[in-house]
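First residue of the sequence shown: 1, per the UniProt record's numbering; consecutive thereafter.
Where a beta carbon is used, it is the ideal one built from N, C-alpha and C, also for glycine.
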Amino acid sequence: MDVSEPEADLPPSAGVTTGSLARRLGVSPTTLRSWDRRYGLGPATRAQGRHRRWTPEDVAMVVEMCRLTAAGIPPGEAAKAAKAQTGRPLPQPVPVAPSRPPNHVVAAPADIMEPFPASRSGSGLPLGNVRHECKGLARAAVRLDAVAVQEQLTAVIRAYGLVVTWEEILSPALQAVGRKWQSAGERYVEVEHLLSWHISATIRHVCVAAAPGQREWKSAPVILACVPGEQHTLPLEALNAALAERGVATLMLGSAVPADALTAAVQRVGPSAVVLWSQSGSTASLPLAHHVASTRWGIRGARTQSHVLLAGPGWGRGQRPGLLRPRGLRDALVMLEGL
């Protein structure tokens with residue numbers, strides 16, 4: 001185990017400790033030692049009787065390893081590419097005596113287990129069984145590697161489309177970061193902010209690229225709004241972009257829309273539907289939802305009402321009479337396109 005040495009007494013050329021490097025990269029010290037043992041991704045020189053220290057060249061090599069594994073490249077192949085930067089040869093595999101856990105359950109290799117091994121630094125994220133792209137995105141976010149986060153967001157949306165990307169990659173990553181933030185106090189707030197900002201910027205780019213050149217739409221727009229007191233807009237932004245891709249007009253009002261402003265917008269615009277987002281039960285307001293659903297608009301003698309969709313976990317799981325309750329992005333799209 002590496003014990004921190006006083007870095008202030010050492011010249012910059014001495015390098016950084018394993019613990020410091022692990023914190024910088026958002027991985028555990030155990031992971032760095034495993035990479036060193038398995039693939040030779042360790043310090044090139046080691047002073048006798050001193051703790052291992054990583055030079056800038058060593059750090060660059062491991063940063064490249066993190067970038068490649070975050071992109072979904074198997075660790076063995078990523079290590080070869082990372083070492084190619086320094087010209088180091090890969091070490092010969094060390095034979096390990098086979099062993100079996102209790103009840104003859106075969107253990108998974110360390111390099112294909114959870115991407116954030118449990119560590120005393122608290123860097124693990126509760127991701128569970130998700131796509132490798134989700135794990136890679138979370139790795140990059142924990143490292144605060146903005147370039148890698150943006151590159152991966154662009155790549156997955158191009159590869160899978162917005163709906164699959166949101167439901168199977170972005171949403172699980174955001175939920176994992178949110179759970180980690182709640183359990184770790186003020187830590188990981190910066191990770192959530194970085195990830196949320198880049199996801200929002202990417203989704204808005206999709207929305208702008210999909211919007212038609214003309215201002216005239218073929219149907220009444222869909223109003224998207226967070227209920228009063230609700231600040232979480234990313235799910236609505238994803239729905240807004242997905243509707244734009246399908247040629248459906250929208251009016252995005254964003255976070256914490258006051259009740260009076262929401263009613264005024266319904267009366268002025270005459271939307272085909274209103275989507276109300278609530279992230280938590282503390283912001284969900286059924287009286288407001290019923291009020292919006294009963295708001296009439298249109299010319300005298302032909303006044304009508306809008307369909308109201310209750311979106312988000314804050315509304316609970318039960319159906320509400322007279323109100324639509326989508327279960328996710330794909331379900332909301334089916335409902336709105338059906339209207």
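Asked: Beta bridge counterpart(s) of I223 as assigned by DSSP; Found: L251 and V274
Asked: V257 - DSSP class collapsed to helix/strand/coil; Found: coil
Asked: Residue interval of the alpha helix (DSSP H) (run including L194); Found: V189 to A210
Asked: Candidates S278, A220 and L262, of which the one nearest H291 by Cα; Found: L262
Asked: Supposed close pair A141, L68 - CB separation, criterion 8 Å; Found: About 16 Å; that fails the 8 Å criterion.
Asked: Proximity to T283 [Cα-Cα], best of W297, G316, A244 and C134; Found: G316
Asked: Between the CA atoms of V208 and I251 - distance to the nearest angstrom; Found: Per the sequence presented here, residue 251 reads as Leu, with Ile not at that position. Their backbone Cα atoms lie some 13 Å apart in a straight line.
Asked: Three-state class that DSSP yields for V62 in the structure shown; Found: helix
Asked: Neighbourhood of E230 by C-beta distance below 7 Å, restricted to the same chain and skipping five residues each side; Found: S255, A256, W277, S278, Q279 and T283
Asked: Boundaries (first-last residue) of the beta strand (DSSP E) holding V308; Found: H307 to A311
Asked: Proximal residues to I169 (C-beta, below 8 Å), its chain only, five neighbours per side dropped; Found: V130, R131, E133, C134, L137, V156 and Y160
Asked: Exposure label - V94; buried when at least 16 CB within 10 Å; Found: Residue placement at V94 cannot be trusted, given a pLDDT of 41 that sits under 50; what the coordinates show is reported in the next sentence. When all chains shown are included, V94 counts as exposed.
Asked: Cβ pair R52, T18 closer than 8 Å; Found: yes
Asked: Selected residue, minimal CA-CA separation from Q85, among A71, A70 and M65; Found: M65
Asked: Pair within 8 Å by beta-carbon distance, A273 and L336; Found: yes
Asked: Cα-Cα separation between G26 and L339, rounded to whole angstroms; Found: 46 Å
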